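Read through the structure below, which is laid out as structure tokens, and then see the notes.
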Amino acid sequence: MSISENIKKYSAELPENITLVAISKTKPIEDLVEAYEAGQRQFGENKIQEMTEKWEKLPKDIEWHMVGHVQRNKVKYMAPYVSLIHAVDSLKLLKEINKEADKNERSIDCLLQIKIAEEDSKYGISSEEAKEILDSEKFKSLNNVKVKGLMGMATFTEDETQVKKEFEHLKSVFDDFKETYSNMNILSMGMSGDYKIALDCGSNMVRIGSDIFGERNY
Numbered sequence: 001m002s003i004s005e006n007i008k009k010y011s012a013e014l015p016e017n018i019t020l021v022a023i024s025k026t027k028p029i030e031d032l033v034e035a036y037e038a039g040q041r042q043f044g045e046n047k048i049q050e051m052t053e054k055w056e057k058l059p060k061d062i063e064w065h066m067v068g069h070v071q072r073n074k075v076k077y078m079a080p081y082v083s084l085i086h087a088v089d090s091l092k093l094l095k096e097i098n099k100e101a102d103k104n105e106r107s108i109d110c111l112l113q114i115k116i117a118e119e120d121s122k123y124g125i126s127s128e129e130a131k132e133i134l135d136s137e138k139f140k141s142l143n144n145v146k147v148k149g150l151m152g153m154a155t156f157t158e159d160e161t162q163v164k165k166e167f168e169h170l171k172s173v174f175d176d177f178k179e180t181y182s183n184m185n186i187l188s189m190g191m192s193g194d195y196k197i198a199l200d201c202g203s204n205m206v207r208i209g210s211d212i213f214g215e216r217n218y
């Protein structure tokens, strides 16, 4: 199937309250244009430089999602335009995002990445560490950054029971946070291989790459 057919398939399949982020990292501009022309407006990238180059060339009604690990010294390059930063894992990073958002006279939405997978390679913080950040006076003084929800990546495994357990854990953390923190409304979990389990567990934002654009050329 073509990219545009894949976009239309997901648009038809996903409930209205679910946001589809098309993960377009390493893909050429033409592929993003095809997805855009099929109606896709949210795109996810994992390298700030590549995302910025695409932002400069593509229509300005696209919402850009930074889904990769963020280096603080590169925040300034995406601060003028980024819509949502998924993988925030420290107060230091939030302070940097706030500083650069302030320079651009805007507010930037973020998600805290909670570590739910058993693999060491996955980034993220515990729910306790996330609470420490959100309860801190320093965070409360940041006027140009908003934590709008949580993000998590399940263990890369064929064991669907384990994946489901990890997603259910994150959903329970999210529900707990929602009662305490007023801005919380996004739960970003689920990718090409496990998004159906994530939806069953309560995700309202899925990150789909290879199922839309085909396998990636690293």
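For the sequence shown, position 154 matches number 154 in the UniProt record's numbering, and the numbering has no gaps at all.
The C-beta atom is built at its ideal place from N, Cα and C for all residues, glycine as well.
Values in this document were obtained by computation on a predicted structure and should not be read as measured data.
For residue i, three-class secondary structure by DSSP
i: F139; result: helix
i: T157; result: coil
i: V75; result: helix
i: H69; result: coil
i: I18; result: coil
i: L199; result: helix
i: S188; result: strand
i: A87; result: strand
i: Q42; result: strand
i: K148; result: strand
i: I116; result: coil
Continuous beta strand (DSSP E) stretch holding residue i: start and end
i: E63; result: E63 to M66
i: I208; result: M205 to I208
i: I108; result: I108 to Q113
Buried versus exposed, by CB contacts within 10 Å (16 or more), residue i
i: S210; result: exposed
i: D176; result: exposed
i: S203; result: buried
i: E45; result: buried
i: M1; result: exposed
i: I116; result: buried
i: I48; result: buried
i: I114; result: buried
Own chain, CB closer than 8 Å to residue i, minus 5 neighbours either side, in chain order
i: Y181; result: L134 and V147
i: S107; result: A101, N143, N144, V145 and K146
i: E37; result: S4
Cβ-heavy atom distance, residue i to the ligand ATP, below 7 Å
i: K140; result: Because no ligand of any kind appears in the structure shown, any question about the ligand ATP cannot be addressed here.
Chain-order list of residues whose beta-carbon lies under 7 Å from that of residue i (same chain, five-residue window excluded)
i: R72; result: K92, L93 and E96
i: G39; result: I7 and S11
i: N183; result: K146, V147 and K148
Run of the alpha helix (DSSP H) containing residue i, from where it starts to where it stops
i: M51; result: I48 to K57
i: K8; result: I3 to E13
i: E30; result: I29 to E37
Below-8 Å beta-carbon distance, residue i vs any chain B residue
i: K54; result: Protein chain content of the structure displayed is limited to a single chain, and chain B is not contained in it.
Beta-carbon proximity list for residue i, same chain, < 6 Å, skipping 5 on both sides
i: E166; result: I116 and A154
i: A22; result: A35, Q40, F43 and I212
Touch check for the stretch 45-52 and the stretch 9-20: three-plus C-beta pairs under 8 Å? no
The stretch 26-39 contacting the stretch 191-199, beta-carbon criterion three pairs below 8 Å: no
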